[in-house]
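In the numbering used here, the protein residues as written are 81 to 601.
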C-alpha cells in the first residue's frame, strides 16, 4: 500500500457521502440483469435514463429527474432495438437527445419530448449501421457537436458525424482498427484531441482522436486494465483492473511514457470491476466497485505520491452501476461537488448519492466551484473534422448566472466591443438604458421627476460609460464579466421589487375607491 501522511492540507479532506431519503429515490425500476461491465445509467439536469429488463428486444426507461418515489411498472419506455440495450449516453450539448447501442449491431439516436416519454418510443431520430457484431460502448466527443464514437465486438472503433440529413447512416467518417480484442473502456482528454482505450488484449492505447493513430501503448505484465481514464490536463492516465495475483488494483501512468506505471496500488481481493470517476475541477477521483456497497475517493496531484487517499463511503446496498450528474446540475447551495445515481438491483432502486464538502457558510463557495465545462459545444462537427481542436466552453455555477452565459461568451463580448457588433445579451450601454428606465418608472410612481433623474449620467459597474475603456487583459475581462453578471442580477431584483410596489399601490387605490363609494352611499 502507498504510504499516506497522517495530516494534510486539503479543502476536500472531509468530503462525505450523503444518500438521498427514500422519498427522493426511484423505486420499482426493473434494472437490467445484463452482465456487461457498463454503468447502465446516464443522467443530465432534466432526465434520468436507465437500461431495463424486458422479455424481447431491448428497452430503457427515461424519467424526469423530479419523478421520484414509486415508478409505474407500465411507464412508457424507449423500445426500438431488436436486441438487448448495452449502453446509453446523453448528448452533453442537448438535454433532449440520447444515444443507445445494442446487441442488434446498431446505434440509435432518440429525441426525448420536453415533458418526458408519455408513450412508448419505437422510431429513432437516427440509426447508425456499420458494426458487424453487437455494439458494447458509445461515447460523445467532449467539445465537438454531434460527433459520436462507438465500439463493438468486431474490435472496431467508429467515428460518426450526425450532422447529415440521412435518417439511416451506414458510413462512419473513420474506422479505427488497431485493437485485437474487445474494447472495454474509452476516455477523452479535456479538448478531445486524444483518447485512450483499455482492451481485453491487456493493452492500453493512447491515440489521436481524429486520425486514430496510436501514439503510445502500455502492456504491463503486472496489471491487467479493464477501465481507463485520462485525468483532464494533468498529463496522466488512470486504469483500474487486476494484478498478477487477481487482486483489484489501480495504476497511474505518465501520458508521455506508458512503458512503466508511475504507481500501482492493490485495493482488495473482490471480483467486481472497478468503475473510476474523475472530477477535473476538484482533482478528486472516485472508485466504485461493481457489487460493492462502498466507494473510495482520492485526491490526485502531479507530485509524489500522486494519489492521496481521503476516505470512503460505506453502504449495505451493492451497486450494479452508477450514473453521474454533470456539474451544471449540482446543488451548489449545499456545497455538493459530485452526485452519483446508484443502481441497486436487489431492491429495484436508484439511489442518489451526493458528495458534499462540509462548510458552515451558506453563501456560494467559489474556491470549490471553478469555471467548469458547460452545455455549449466549442466546435461544430465540420470544424472538428477539418482539423480544429478547442477546449470546452466554460460556465460559472454561481446562482444567478445564466446557463447560456459563459466565460467564452465574455471573450466574444470583448471582440464585439472592439468591432461594434451587437450583443445577444445586455451590454454596458443596454444596462445603462435599463437603469434609466427604472429611474423614470420610480419617479412616475412617486408622482414627480427630479432634476437628478433628468441629468443622470449612465453608469455601469460603478464607472462612467464615457470613461469606460474595453478590457485589455483576460483578467480584466473576467472581472468585468462577473461585475456585469452581478449588476444584471441586482437590476432584476430591483425590477421585481418595483413591480411588487406597483401592485401594492394599485391595491391601495382600489381600496380607497371602494371606501369612498361606500361612504357616499
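A virtual CB, placed ideally from N, CA and C, is assigned to each residue, including glycine.
As the crow flies, the alpha-carbon of residue 375 is around 37 Å from that of residue 464. In the DSSP assignment, residue 144 forms a beta bridge with 127. Here residue 338 is buried, its C-beta having at least 16 other C-beta atoms within 10 Å.
The Cβ atoms of residue 124 and residue 406 sit closer than 8 Å to each other. Short of 6 Å from the beta carbon of residue 481, and not among the five residues preceding or following it, lie these beta carbons of its own chain, in chain order: 565. Unbroken beta strand (DSSP E) runs of no fewer than 3 residues, entirely contained in the segment 143–188, are found at 158–161, 165–170, 177–182, following chain order. Considered as a whole, the segment 334–410 harbours 343–348, 354–359, 364–369, 375–380, 387–393, 401–404 as its complete beta strand (DSSP E) runs of no fewer than 3 residues, in chain order.
Within the DSSP bridge table, the entry for residue 265 names 278 as partners. Taken atom to atom, the span from the alpha-carbon of residue 419 to that of residue 358 is near 12 Å.
Here residue 325 is exposed. Its C-beta has fewer than 16 other C-beta atoms within 10 Å. Around the beta carbon of residue 169, 16 or more other beta carbons lie within 10 angstroms, which makes this residue buried. By the C-beta criterion, the segment 351–367 is judged to be in contact with the segment 296–313, since at least 3 inter-stretch pairs fall below 8 Å. DSSP places residue 99 in no alpha helix (DSSP H) but in the uninterrupted beta strand (DSSP E) bounded by 96–99.
Here residue 231 is near residue 263, since their CB atoms are less than 8 Å apart. Each residue's CA atom was taken as its position, placing residue 443 and residue 561 some 20 Å apart. In the structure shown, residue 287 adopts extended strand secondary structure according to DSSP, grouped into three states. Relative to residue 115, the option among 167, 381, 296 whose CA is nearest is 167. For the 8 Å CB-CB criterion, residue 132 and residue 143 do not form a contact. In the structure shown, residue 592 adopts helical secondary structure according to DSSP, grouped into three states.
Within a 10 Å sphere around the beta-carbon of residue 320 sit 16 or more other beta-carbons, which makes this residue buried. Contact annotation: residue 417 and residue 435 have beta-carbon atoms nearer than 8 Å. Residue state for residue 138 is assigned as strand, using DSSP reduced to three classes. For residue 232, the enclosing beta strand (DSSP E) has its first and last residue at 227–232. For the options 227, 579, 334, 592, the alpha carbon positioned closest to that of residue 343 is the one of 334. Shortest Cα-Cα distance from residue 453 to any of 158, 301, 271 involves 271.
For residue 464, the enclosing alpha helix (DSSP H) begins and ends at 461–465.
Within the same chain, 438 come within 6 Å of residue 94 by CB-CB distance, once the 5 residues on both sides are set aside. Residue pairing of residue 292 in beta bridges, as defined by DSSP: absent, with no partner found.
Taking the C-beta atoms as reference points, residue 120 is found no nearer than 8 Å to residue 109. Sequence-distant Cβ neighbours of residue 282 in its own chain, meaning closer than 8 Å and more than five residues away, are 299, 300, 304, 305.
Residue 236: not part of any beta strand (DSSP E); DSSP gives it neither H nor E.
Residue 306: member of the beta strand (DSSP E) spanning 303–310, first to last residue. Of all alpha-carbon atoms in 368, 413, 398, 415, the one lying nearest the alpha-carbon of residue 392 is that of 368. When secondary structure is reduced to three states using DSSP, residue 434 falls in the strand class. Taking C-beta atoms as the reference points, residue 372 and residue 350 count as a pair closer than 8 Å. The beta carbon of residue 472 lies closer than 8 Å to those of 222, 223, 270, 271, 453, 454, 458 in the same chain, with the five residues before and after it left out.
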